[in-house]
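**Student:**
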Amino acid sequence: MKETRKETSSYHIETIAIHAGQEPDPATGAIMTPVYLTSTYVQTAPGKHKGYEYSRTRNPTRTALEANLAALEGGEYGLAFASGCAALATIMHLFKSGNQIICCDDVYGGTYRLFEKVLKETHGLEVTFVDMTDPKNLEKALKKKSAALWIETPTNPLLKLIDLREVIRWGREKRLLTCVDNTFMSPIFQRPLEFGADLVMHSTTKYLNGHSDVIGGAVITNSAGIYERLRFLQNAIGAVPGPMDSWLVLRGTKTLALRMERHAANALKIAAFLEKHPAVERVIYPGLKSHPHHELAKQQMRGFGGMISFVVKGGKEKAIEVTKKTKLFALAESLGGVESLIEIPAIMTHASIPEETREKLGIKGGLIRLSVGIEHADDLIADLDQALTQ
Ligand code: P1T
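See below:
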């Protein structure tokens, strides 16, 4: 059984999304990969099997998903996990106690929590948070024990952009493992392996699945050595997705390209609308000329994404009022689904970051984050308008 992708690399990404990793079922010709709901596989003699022995180790539905995700990121090898956090936790087992990870300072709250409140204590990892928008800050953080760079771009929730070419080049020069969380962009808009990253991580819960009905994660790499070790860890630790969840993500990626186009087109219209709204102090969207990293966004991303953050006049009280008044934008954590979501990072997704650190970063009470869905943009704009207007 092939572990890597079917040869689709010469195709456009829209075609890869639909075909990579998927063959008609050899038993029936079914065009959709079956959901192999099985924990174990019958052997013809001890140790003699068809490549599958136990579903923590391998499952055919998961194998198809892993090949599909690898192809989408332009990588050789893919591994699927039970969640984005499970993917991150497994990756961290590549390191030894005493190693230092240099992480960008604005990251998903759960990533921060895993680094600060778990891995520091249980693994003895040192984690240094750095504003990577200025690569000069990296040099200051570098130590003998530095082992990896952890990059999120655009960052969550402040949508700062990190120069992938520059930062990855620096990391490789210093022999650090360069890891990029590509959840916000999806491979449709950004492919970090093209910039030389050692590995790409995803919360597949988000755009890759796209329908808010799965929790999942993934890692993609071009390095056979890293893949072998991670595959060993995936099995040894066991934070794997079930076949049904694997199938749902595999189904989701078929429409990824179309969805991303609409997410981004809607987000640009909404960001432009918010920028002119009298109740809004500041809008952060990489597609706006006013975004400090707009030029970099044009260079390293093929689209600006579906995430917008904005600050309302009137601070936390006003922000709470707005999030309670929207009707189409559901008040909920997460992102990347077809439906639009609204949330307040300081109270919700980033609450596990201490208030003082949040304030320093600029994650204040009045900051609202939108995950723009694929509804009609005019309906979404009207919804925000009525919620923002007294
Ligand atoms: O939720 P999980 O699948 O474990 O993924 C964690 C994760 C990792 N990386 C990024 C960039 C993320 O945004 C997330 C999850 N984020 C949210 C739930 C959120 O609302 O931001």
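Going from the sequence shown to the numbering used here is simple: count from 1 and add 19. Just so it is clear, CB atoms sit at the ideal spot from N, CA and C, and this is done for glycine as well. Given the structure is predicted, the values throughout are model-derived calculations rather than measurements.
1) Who does K139 pair with in a DSSP beta bridge?
2) Should G392 be labelled buried (16 or more other beta-carbon atoms within 10 Å of its own) or exposed?
3) I need the DSSP call for R301, collapsed to helix, strand or coil.
4) Below 8 Å on the Cβ atoms is my guess for T80 versus S265; work out the distance and round it to an integer in Å.
5) Mapping DSSP to helix, strand and coil, what is H313?
6) Can you name, in chain order, every residue of its own chain whose Cβ lies under 6 Å from the Cβ of N78, other than the five neighbours on each side?
7) Just to confirm, does D402 get its C-beta within under 8 Å of one of the non-hydrogen atoms of the ligand P1T?
8) Between K179 and H312, how many whole angstroms is the CB-CB distance? I'm expecting something under 8 Å.
9) Where does H38 fall in DSSP's three states?
10) Considering only their Cβ atoms, is the gap separating E85 from Y96 smaller than 9 Å?
11) Could you compute how far the alpha carbon of L168 sits from the alpha carbon of Q62?
12) Let me check understanding here. Comparing Cα to Cα, which of S29, K383 and A255 lies closest to G333?
13) Which same chain residues, not among the five before or five after I187, have their C-beta less than 6 Å away from its C-beta?
14) Give the secondary structure of M263 by DSSP, where H, G and I count as helix, E and B as strand, and everything else as coil.
15) If we count Cβ pairs, one from each stretch, closer than 8 Å, do we get three or more for the segment 126 to 137 versus the segment 154 to 162?
16) Let me check one thing: in DSSP terms, what residues is C123 bridge-paired to?
17) Considering only C-alpha positions, which residue in the set A298, Y246 and L275 is nearest to A99?
18) Please state if the CB of A406 and the CB of K344 are separated by a distance shorter than 9 Å.
19) What ranges does the alpha helix (DSSP H) occupy inside the segment 343 to 401, keeping only unbroken runs of at least 4 residues that lie completely in it?
20) Using the beta-carbon count (16 or more within 10 Å), is T59 buried or exposed?
21) To the nearest angstrom, how far is it from the Cα of F208 to the Cα of P364?
22) First and last residue of the alpha helix (DSSP H) that includes M111?
23) Verify whether the separation of the beta carbon atoms of E145 and I120 is less than 9 Å.
24) At the level of alpha carbons, what is the spacing between G355 and L88?
25) Please report whether the beta-carbon of E42 lies at a distance below 9 Å from any beta-carbon of chain C.
26) Mark Y385 as exposed unless 16 or more other C-beta atoms lie within 10 angstroms of its C-beta, in which case mark it buried.
27) Return yes when at least one heavy atom of the ligand P1T lies under 8 Å from the C-beta of A105, else no.
28) Under 8 Å from any heavy atom of the ligand P1T, does the C-beta of E171 make it?
29) Just to check, is the beta-carbon of V268 closer than 8 Å to a non-hydrogen atom of the ligand P1T?
30) Are there 16 or more other CB atoms within 10 angstroms of the CB of D200, so buried, or fewer, so exposed?
31) Using only alpha-carbon positions, find the residue among M111, E300 and R75 that is nearest to K337.
32) Taking the Cβ atom as the reference point for each residue, do P305 and A298 lie within a distance shorter than 9 Å?
33) Out of S359, S371, A370 and D404, point me to the one whose CA is closest to E394's CA.
34) Below 8 Å CB to CB, which residues in the same chain sit around A83 once its five sequence neighbours on both sides are set aside?
35) Quick one: give me the first and last residue of the beta strand (DSSP E) that I181 is part of.
**Tutor:** Reading from the atomic positions:
1) None, per the DSSP bridge assignment.
2) By the C-beta density criterion, G392 is buried, having at least 16 other C-beta atoms within 10 angstroms.
3) Three-state DSSP puts R301 in a strand.
4) Contact holds; Cβ gap of about 5 Å.
5) In the structure shown, H313 sits in a helix (DSSP, three-state: H, G or I).
6) Same-chain partners within the cutoff: Y55 and P262.
7) False, no ligand heavy atom lies under 8 Å from that Cβ.
8) Right, their Cβ atoms sit about 7 Å apart.
9) Helix, per DSSP.
10) Yes. Within cutoff.
11) One C-alpha to the other measures close to 43 Å.
12) Minimum Cα distance to G333 is reached at K383.
13) Excluding residues up to 5 positions away in sequence, T197, F214, G215 and A216 lie with their Cβ nearer than 6 Å to the Cβ of I187 in the same chain.
14) Secondary structure at M263: helix, using DSSP grouped into helix, strand and coil.
15) The segment 126 to 137 and the segment 154 to 162 do not touch, with fewer than 3 CB-CB distances between them shorter than 8 Å.
16) C123 pairs with V149.
17) Cα-wise, what sits closest to A99 is Y246.
18) A contact, by the Cβ cut-off of 9 Å.
19) Within the segment 343 to 401, the complete alpha helix (DSSP H) runs of at least 4 residues are 374 to 380.
20) It counts as exposed.
21) Looking at the two C-alpha atoms, the distance is approximately 24 Å.
22) Taken as a continuous stretch (DSSP letters only), the alpha helix (DSSP H) holding M111 covers G103 to M111.
23) Cβ distance < 9 Å, so E145 and I120 count as in contact.
24) Distance between the alpha carbons of G355 and L88 is about 16 Å.
25) Although the question refers to chain C, the structure presented lacks it and comprises just one protein chain.
26) A small correction: the amino acid at residue 385 is Gly; Tyr does not occupy that position in the sequence shown. Counting Cβ neighbours within 10 Å, G385 comes out buried, since at least 16 surround it.
27) Yes, the beta carbon of A105 sits closer than 8 Å to at least one heavy atom of the ligand P1T.
28) Because some heavy atom of the ligand P1T lies under 8 Å away, the Cβ of E171 counts as near it: yes.
29) V268 has its CB no nearer than 8 Å to any heavy atom of the ligand P1T.
30) Here D200 is buried: its Cβ has 16 or more other Cβ atoms, across all protein chains shown, within 10 Å.
31) Residue E300 is the option with its Cα nearest to K337.
32) In this structure, A298 does not lie closer than 9 Å to P305 by Cβ.
33) The candidate whose alpha carbon is nearest that of E394 is S359.
34) Answer for A83: G40, Q41, T52, S265 and L269, listed in chain order.
35) Judged by DSSP secondary structure, I181 falls outside any beta strand (DSSP E); it is assigned neither H nor E.
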